[in-house]
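Chemist: Numbering-wise, the sequence shown is residues -27 to -1, 1 to 377 according to mature numbering (1 follows the signal peptide of the UniProt record, and there is no 0).
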Amino acid sequence: MGKIKRWISAAISLVMVFTFTVAPVSAAENTASSGVITEYHSEISSYGYSNIMLTENAAQARDALASAMLAGEEYVDVSAYDLTVPQLKTLFNIVIPSDYPQAMETDTYTYAMNRVTERVMYVRFTYDGTQEEILAHGRMVDEIVNALVARIDMTMSDLQKVKLVHDYLVQTVAYDEEALNEETSSRISFSPYGALVEGKAVCQGYALAFQLFMNRLNINSIFVSSEAMNHAWNMVQIDGQWYHVDATWDDPVPDVPGRIYYNAFMVSDARIRDAENRHYRWDTTAPLASNRQYDSFDWSVMETSFEDDISELKLDTQTVSGTAGSQYQFIASMNSQSIVQTVVSSNPEVATVTLTNANDPRGWLYTVNLVSPGEATILVTTPQGGLQMIDIQVQEAAALANAA
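#1: How many Å lie between residue 277 and residue 126 at the Cα?
#2: Rounded to whole angstroms, what is the Cα-Cα separation between residue 357 and residue 282?
#3: In terms of alpha-carbon separation, which member of 61, 364, 319 lies closest to residue 295?
#4: Thinking C-beta only, is residue 51 closer than 7 angstroms to residue 34?
#5: Can you list, in chain order, the residues of its chain with a C-beta nearer than 8 angstroms to that of residue 225? Leave out the 5 residues immediately preceding and following it.
#6: Below 8 angstroms, can you find three or more Cβ-Cβ pairs linking the stretch 332 to 350 to the stretch 253 to 263?
#7: Pull up the DSSP beta-bridge partners for residue 92, would you.
#8: Where does residue 217 fall in DSSP's three states?
#9: Does DSSP put residue 283 in a helix, in a strand, or in coil?
#10: Report the option in 118, 207, 249 whose CA atom is closest to the CA atom of residue 361.
#11: Leaving out the 5 sequence neighbours to the left and right, which residues in its chain are closer than 6 angstroms to residue 326 when beta-carbon positions are compared?
#12: How far does the alpha helix (DSSP H) with residue 63 in it extend, from its first residue to its last?
#13: Tell me, please, whether the stretch 182 to 195 touches the stretch 94 to 105 by the rule of three or more beta-carbon pairs shorter than 8 angstroms.
#14: Quick one: what does DSSP say residue 207 is sitting in, helix, strand or coil?
#15: Quick check: residue 179 and residue 221, are their CB atoms within less than 7 angstroms of each other?
#16: Leaving aside the five residues before and after residue 284 along the sequence, list all residues of the same chain whose C-beta is less than 6 angstroms from its C-beta, in chain order.
#17: Can you find the residues in the same chain that come closer than 6 angstroms, C-beta to C-beta, to residue 242, ignoring five residues on each side of it along the sequence?
#18: Looking at the secondary structure, which residues open and close the alpha helix (DSSP H) in which residue 28 lies?
#19: How would you label residue 213, buried or exposed, when you count the other beta carbons within 10 angstroms and need 16 or more for buried?
#20: What residues are listed by DSSP as bridge partners for residue 124?
#21: Once you ignore the five residues that flank residue 173 on each side, which residues in its own chain have a CB closer than 7 angstroms to its CB?
#22: Find out if the Cβ-Cβ distance for the pair residue 320, residue 349 is shorter than 7 angstroms.
#23: Sorted by chain position, which residues of the same chain lie with C-beta nearer than 6 angstroms to residue 286's C-beta, five sequence neighbours on each side aside?
#24: Can you tell which of 61, 333, 54 has its C-alpha closest to the C-alpha of residue 309?
#25: Do three or more CB pairs link the stretch 192 to 200 to the stretch 104 to 123 at distances below 8 angstroms?
#26: Under a three-way DSSP split, which group does residue 42 fall into?
#27: Taking the straight line between their C-alpha atoms, what separation do you get for residue 69 and residue 270?
#28: Report all residues from its chain with a CB closer than 7 angstroms to the CB of residue 422; omit the five preceding and five following residues, and keep chain order.
#29: Exposed or buried, what is residue 367 when buried is set at 16 or more other beta-carbons lying within 10 Å of its beta-carbon?
#30: Answer with buried or exposed for residue 248, where buried requires no fewer than 16 other C-beta atoms within 10 angstroms of its C-beta.
#31: Thinking residue 80 and residue 160 are a contact (beta carbons under 8 angstroms), I'd like their distance in whole angstroms, please.
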């Protein structure tokens, strides 16, 4: 069970231009015809540490590229960073997914290389969504992580925090079985947004979401993948020892609400390879996980849970369905009107949300404007850990009339 995306590249002419498509490819291939070379590479191969073996130039390039991806920008000039192609691939395949996991919504990237200096000149990106949508997705992921981290007892040990995040992902995310069909797979299921907002993901989405939490909690963690398995997971370092954590593997398929397995949680290399877990051929330079103290551990004795949302955020609706051009209102109530709320729409081209009255006696009154047909999610959070969502469905007026 697994799914990672693969890059497709093409090199052409004197200035070599490579285009990488974030589309699943099931088999590797290398052909040459009329000077065009096509290669297939794993989108996230090997593993990544923060700042792994990076020169100062490469670190600056990483930050510039990731910033562009997070902002939905299409072009980055990297000529000043003296990047070789292997360095660029390391950034995209290893470092950025580990250091900026929320940036992985890019559809394709293209880079140009000077054939004389063999240095990368620029990188271009394409996206499935609009720039406004990419920005909204990133903001929503950040707000969800902020709200959940605010509800973590920071006196817990790192091991308890790792278990809490693992359990949260297994409980709240369903494996996206449809994404196994390469013709219908969406980039969303490969991203933290898919896991944390839409509640469905493939292994890459689980692992990137887990990595995002580990980064925010300052727990040393790496992203691991096996091209042979077409699968991705994580490793964490606790008390100086490395262990495998595979939230995807521990989530039943089909989804069984409330059920959590620990077959691939905090386990050694030997345990992750055994007949039950069957992981194999991940990058051999990844750190060794030789400590087996948790291989047969009874995790039921370690209770972990998020603290209560002290703002007591509640919404008076969970779904809104209507026609383009119409408006709906909802109330977000808390135990104090002075608590600040953050409200974000996942797709402003479908639905926007504005604060209408912060002094309504029932709570904060918001207006949702249904702009165009499609789906969106409205996220409401508070700094104290409040986290609520509204599902939005917008139809054309004619379509709704015909349905009636």
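The beta carbon of each residue, even a glycine, is placed where N, CA and C say it ideally should be.
Modeler: By the coordinates alone:
#1: 10 angstroms
#2: 6 angstroms
#3: 364
#4: yes
#5: 232, 234
#6: no
#7: Answer by DSSP bridge pairing, in chain order: 87.
#8: strand
#9: Reduced to three states, the DSSP call for residue 283 is coil.
#10: 118
#11: 316, 318, 339, 341, 351
#12: 58 to 63
#13: The answer is no - the stretch 94 to 105 does not touch the stretch 182 to 195, with fewer than three Cβ pairs under 8 angstroms.
#14: strand
#15: yes
#16: Around residue 284, the same chain offers 307, 312, 355, 357, 359 as residues with beta carbons nearer than 6 angstroms, after the five sequence neighbours per side are excluded.
#17: The residues are 262.
#18: Run containing residue 28: none; DSSP gives neither H nor E here.
#19: exposed
#20: According to DSSP, which records beta bridges pairwise, residue 124 is partnered with nothing at all.
#21: 146, 147, 149, 162, 167
#22: yes
#23: 307, 355, 359, 361
#24: Ranking 61, 333, 54 by Cα distance to residue 309 puts 333 first.
#25: no
#26: Reduced to three states, the DSSP call for residue 42 is helix.
#27: Between residue 69 and residue 270, the C-alpha separation is close to 33 angstroms.
#28: Lying outside -27 to 377, the shown extent of the chain, residue 422 is not represented and no answer is given.
#29: buried
#30: Counting Cβ neighbours within 10 Å, residue 248 comes out exposed, since fewer than 16 surround it.
#31: 6 angstroms
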